[in-house]
Amino acid sequence: MTTTPRKPEVLAPAGGREQLFAALATGADAIYFGLQEGFNARARASNFAIAELPEIMSVIHRGNARGFVTFNTLVFESELATAAGLLIALDAAGVDAVIVQDPAVALLARALDLSLEVHGSTQMTVASPLAANLVKGLGLSRVVVPRELSVADIAAYAAGTDVELEVFIHGALCVSWSGQCLTSESWGGRSANRGQCAQSCRLPYELQVDGQARALGDVQYLLSPQDLAGIDVVPALAEIGVASLKIEGRQKDANYVATAVTAYRHAVDGAAAARDEDVAAMAMAYSRGFSPGFFAGANHQALVVGKVPRHRGVYLGTVRRIERELVLVDEQPASGETIPGRDNGLMPRISPIAGQGVVFDSHEGQAAETGGPIFDAFVAGPGQWALRFGKPGPELTRVKPGAEVWITSAPAVEKQSRADVARGQKPLGRLPVAVDVRGAAGAPLVARASVDGGATWVSASSTSALAAATGAGLATEVLRDKLGKFGGTDFHLGQFVAEVEAGLHVPVSEINAMRRELTTQLEAAMVDGPRRPAPAQTVEIALASLRAELAGAEPVATTPQLVVMCRNDAQLDAAIAAGATHVEIDWMEFVGMGAAVAKARAAGLAVGIATVRIQKPGDEKLDQRIAKLAPDWVLVRSWGSLAFFRDLPVSDRPVLHGDYSLNITNSLTAAWVLQAGLATYTPSHDLDVEQLTALLTATGGACATVTLHHHIPTFHTEHCVYAHLLSKGADYKTCGRPCEAHQVSLKDRTGLVHPVVVDVACRNTVFNAQAQSAPRVLETLRPLGLARVRVELVRETGEQAQTVIAAYQALLAGTINAQEVLRRVSAHEQFGVTRGTMNTMKMLNVLA
Numbered sequence: 041m042t043t044t045p046r047k048p049e050v051l052a053p054a055g056g057r058e059q060l061f062a063a064l065a066t067g068a069d070a071i072y073f074g075l076q077e078g079f080n081a082r083a084r085a086s087n088f089a090i091a092e093l094p095e096i097m098s099v100i101h102r103g104n105a106r107g108f109v110t111f112n113t114l115v116f117e118s119e120l121a122t123a124a125g126l127l128i129a130l131d132a133a134g135v136d137a138v139i140v141q142d143p144a145v146a147l148l149a150r151a152l153d154l155s156l157e158v159h160g161s162t163q164m165t166v167a168s169p170l171a172a173n174l175v176k177g178l179g180l181s182r183v184v185v186p187r188e189l190s191v192a193d194i195a196a197y198a199a200g201t202d203v204e205l206e207v208f209i210h211g212a213l214c215v216s217w218s219g220q221c222l223t224s225e226s227w228g229g230r231s232a233n234r235g236q237c238a239q240s241c242r243l244p245y246e247l248q249v250d251g252q253a254r255a256l257g258d259v260q261y262l263l264s265p266q267d268l269a270g271i272d273v274v275p276a277l278a279e280i281g282v283a284s285l286k287i288e289g290r291q292k293d294a295n296y297v298a299t300a301v302t303a304y305r306h307a308v309d310g311a312a313a314a315r316d317e318d319v320a321a322m323a324m325a326y327s328r329g330f331s332p333g334f335f336a337g338a339n340h341q342a343l344v345v346g347k348v349p350r351h352r353g354v355y356l357g358t359v360r361r362i363e364r365e366l367v368l369v370d371e372q373p374a375s376g377e378t379i380p381g382r383d384n385g386l387m388p389r390i391s392p393i394a395g396q397g398v399v400f401d402s403h404e405g406q407a408a409e410t411g412g413p414i415f416d417a418f419v420a421g422p423g424q425w426a427l428r429f430g431k432p433g434p435e436l437t438r439v440k441p442g443a444e445v446w447i448t449s450a451p452a453v454e455k456q457s458r459a460d461v462a463r464g465q466k467p468l469g470r471l472p473v474a475v476d477v478r479g480a481a482g483a484p485l486v487a488r489a490s491v492d493g494g495a496t497w498v499s500a501s502s503t504s505a506l507a508a509a510t511g512a513g514l515a516t517e518v519l520r521d522k523l524g525k526f527g528g529t530d531f532h533l534g535q536f537v538a539e540v541e542a543g544l545h546v547p548v549s550e551i552n553a554m555r556r557e558l559t560t561q562l563e564a565a566m567v568d569g570p571r572r573p574a575p576a577q578t579v580e581i582a583l584a585s586l587r588a589e590l591a592g593a594e595p596v597a598t599t600p601q602l603v604v605m606c607r608n609d610a611q612l613d614a615a616i617a618a619g620a621t622h623v624e625i626d627w628m629e630f631v632g633m634g635a636a637v638a639k640a641r642a643a644g645l646a647v648g649i650a651t652v653r654i655q656k657p658g659d660e661k662l663d664q665r666i667a668k669l670a671p672d673w674v675l676v677r678s679w680g681s682l683a684f685f686r687d688l689p690v691s692d693r694p695v696l697h698g699d700y701s702l703n704i705t706n707s708l709t710a711a712w713v714l715q716a717g718l719a720t721y722t723p724s725h726d727l728d729v730e731q732l733t734a735l736l737t738a739t740g741g742a743c744a745t746v747t748l749h750h751h752i753p754t755f756h757t758e759h760c761v762y763a764h765l766l767s768k769g770a771d772y773k774t775c776g777r778p779c780e781a782h783q784v785s786l787k788d789r790t791g792l793v794h795p796v797v798v799d800v801a802c803r804n805t806v807f808n809a810q811a812q813s814a815p816r817v818l819e820t821l822r823p824l825g826l827a828r829v830r831v832e833l834v835r836e837t838g839e840q841a842q843t844v845i846a847a848y849q850a851l852l853a854g855t856i857n858a859q860e861v862l863r864r865v866s867a868h869e870q871f872g873v874t875r876g877t878m879n880t881m882k883m884l885n886v887l888a
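According to this note's numbering, the sequence shown holds residues 41 to 888 in order.
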């Protein structure tokens, strides 16, 4: 027997009230939004204040939708009590779920025994079923899967866990894996993991190959992907059993929200005929060009076009010639041109009409673009359009033959969106009401109604008793008609049951009065919101009990151990020559990795191997190969790898050390990962020295590794710059592996050259050009019993590597000071970010 898959919910973004109303009016099943007070990964959106939450949740629930609050940033040690207080406020306001990045927030919600659900954000980087099953222990009921997974990956993911899956279906694509982008920290002194993304991926870069500039013509935006449009895979995701389809865009306007929700409402409900019209409307609301992202697997030639990082709309064609106020346009692009959204079949062809906005793009930069509204449009020949402009309009003297023509806006679409916003502020009639009617002779007619599946009922009775009718009496159809007229309210008639003795009568006016009374009571119940129990314990008791529950053995202070991370043979040789005792191997391929492990062992060094930073479904095979090399320890970089190695038989399990990519910024998360099997954790690079000290003071330094010298890993991306720009291949099977013959770097607008390194899973990491060194931090951390100090090498030569290693050996031995280390290694002195993004005092005042 086959069963029809459950329809996934359509989950809409709301950066403010207009977007919220647009989402409700166009059929969103759930809405997610952030708070002005913080812990919100979209701090630049308008967001909502805590004081508004009861009203906002009432609006959402009256629209028969659920409301999710984004709690999707990391939490510092000093903010744990504030975070717990905020969770209590969210629960009391009737919030249905919180979307979290930091495991500590989930632990707090569990300790407080709150009624709201906890969902794992895509910022949590829960990329495999092994990872999902690990974090399920935190109390998560759903995870938002990374945008880098294909439909096949998502099917394998769903088959390996019973945790609900939420999938991003539409909107902007980050080039970096969410939660693993440190460009804002490295280049902007602020943290994307704290809600302050600097959007460095949308900036221009120059390509360098083996140290030489490589001309790319008008391709400049090498890390700026097209926007995701997954409308064609909705049936496949529904078949898999995906719980929710999420639309990105909390910083977009109501026009964007209305068009996207409309399109995906149609797709989920099976209205395929609306597809092209919906895609065109979405593109004109906002689009950098549409692509299917990674849903069909990696295609490094299609994800990034690289010509423009901003809104384009729908491609119309290229300019053939200009005749006074007329522009003649060919629908076909110039030979060899890649048009965002056109080549992959996502973007429909449309007919231009008067009033639509147009931009002419000759790929000479934004300042050279010109555009304006169409005054008239008509067919000029086969595959050709004539566009007439007036004033206001484009400067046609700047328009050249060959320029691309994009339709960027449509008054009809914008008018409809404004109407949706207005409609969303009124009762929408989306709440189904179950009505149960009973009646017997000599007793009043009684009707009960419920909007929450029967958990609570309201009732109304006729003032007169039922009496014998002179005619046919009250038929079920009459009762349904009179008691189900909920027009102009938040309600509509759902299930209807009537058990009334035949041949009886009561005045119709009394039945109408009963319906009005039911409506009044139902509306009052919706305003009051759900009644939720008070937290099981206070914030102070919850924090104390969590710390006791997660407490491990008392750490023993030791002299820090120097660990050197090597990425090539020359660096490993330098570490051996310098007398290093512990090295970590982070190699691009397994043959060389095995040889490096053997070489280190032969030299008498203890050796660890770093896992890849992401474990996708199937990537546990990479961990299996690492396990077969029997390293002395494994540097764990993902939740999935932690689950894999933790679950090995004790006899086969290496010592596990956690890397910075686990994003540990507070003692609750640190204690949880230590309890899950780590010997030490590496604090997140989001921490500054003060925050790091607070964390290590709370956990003890003996369970921590601190990286004191490294090039911050900025972007970590599934998109391969090597394959895209040095080959014509779509993926690792067809690219010819240019990474084995060349070294690629990206030069930014300031002239800094950032190395791009490929890992064993063919993922790219863009490392900061400047090394960051923090030897003075050691003076602060030594008294805390710090266990390990790491020095990470990227493309240092053997000589440079030996200089860095020797300097830190001498620092640990006490033979040179921090100033001398900096002189020898010639590095930029800094640790972590320069400023935070959370106004904690404001938060405390609001919660008080």
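Note that CB positions come from ideal geometry on N, CA and C, so glycine has one too. Fair warning: this is a prediction, and the values are worked out from it, not measured in the lab.
With contacts defined as CB atoms closer than 7 Å, Leu485 and Gly479 qualify as a contacting pair. In terms of CA proximity to Asp692, Trp673 leads the group Gln266, Ala495 and Trp673. Approximately 5 Å separates the beta-carbon atoms of Ser161 and Ile139; this is inside 8 Å, confirming the contact. With a cut-off of 8 Å on Cβ pairs, the segment 178-187 is not in contact with the segment 682-701, counting fewer than three such pairs.
In this structure, DSSP gives Met605 an extended state, which the three-state scheme calls strand. With a cutoff of 7 Å on beta-carbon distance, Lys466 and Ser168 are scored as not near each other. In the structure shown, Val761 adopts helical secondary structure according to DSSP, grouped into three states.
According to DSSP, Lys787 shares a beta bridge with Glu246 and Val793. In the structure shown, His403 adopts coil according to DSSP, grouped into three states. DSSP places Ile209 within a strand segment (E or B) once states are collapsed to three.
In this structure the segment 606-618 does not lie against the segment 754-761, because fewer than three pairs of beta carbons, one per stretch, are closer than 8 Å. DSSP places Leu51 inside the beta strand (DSSP E), whose first and last residues are Glu49 to Pro53.
In summary, Asn552 is exposed, with fewer than 16 beta-carbon neighbours lying within 10 Å of its beta-carbon over all protein chains present.
With respect to the C-alpha of Gly648, the residue from Gly658, Ala670 and Leu662 having the closest C-alpha is Ala670.
Ser724 places its beta carbon 7 Å or farther from that of Asn706.
Residues Ser181, Arg182 and Ala283 of the same chain have their beta carbon placed closer than 7 Å to that of Glu204, with the five preceding and five following residues left out of the count. Bounds of any beta strand (DSSP E) do not take in Tyr296; it lies within the alpha helix (DSSP H) bounded by Ala294 to Asp309. 7 Å or more divides the Cβ of Ser785 from the Cβ of Gly776. Residue ranges of uninterrupted alpha helix (DSSP H) with 4 or more members, entirely inside the segment 384-469 and ordered along the chain, are 451-464. Here Leu174 has Trp679 and Ala683 as same chain residues with Cβ atoms under 6 Å from its own Cβ, once five neighbours each way along the sequence are excluded. Shown here for Ala841: same chain residues with a beta carbon closer than 6 Å to its own, the five before and five after excluded, namely Gln611, Ala614 and Leu833 in chain order. Assigned with DSSP and collapsed to three states, Arg587 falls in helix. In this structure, DSSP gives Glu58 a helical state, which the three-state scheme calls helix. DSSP places Pro349 in the coil class of the three-state scheme, outside both helix and strand. The beta carbon of Leu114 lies closer than 7 Å to those of Gln141, Asp142, Asn233, Arg234, Asn703, Thr705, Ser724 and Asp726 in the same chain, with the five residues before and after it left out. C-alpha of Asp530 to C-alpha of Glu539: approximately 26 Å in a straight line. Cβ contact annotation for Ala801 (same chain, cutoff 6 Å, sequence separation greater than five): Val652, in chain order. Here Gly353 is buried. Its C-beta has 16 or more other C-beta atoms within 10 Å. Of all alpha-carbon atoms in Ala636, Pro823, Leu586 and Arg835, the one lying nearest the alpha-carbon of Gln715 is that of Leu586. In this model, Val798 and Ser216 are separated by some 14 Å (Cα to Cα).
Residue range Pro484 to Ser490 is occupied by the beta strand (DSSP E) that includes Pro484.
Cβ contact annotation for Ser681 (same chain, cutoff 7 Å, sequence separation greater than five): Thr651, Gln655 and Asp663, in chain order. C-alpha of Asn112 to C-alpha of Tyr72: approximately 11 Å in a straight line. A straight-line Cα-Cα distance of about 18 Å links Ala68 and His159. The residues Ser98, His101, Arg102, Leu471, Val491 and Asp530, in chain order, have a CB closer than 8 Å to that of Met566 in the same chain once the five nearest residues on each side in sequence are set aside.
If you draw a 10 Å sphere on the C-beta of Arg677, you find 16 or more other C-beta atoms in it, and that means buried.
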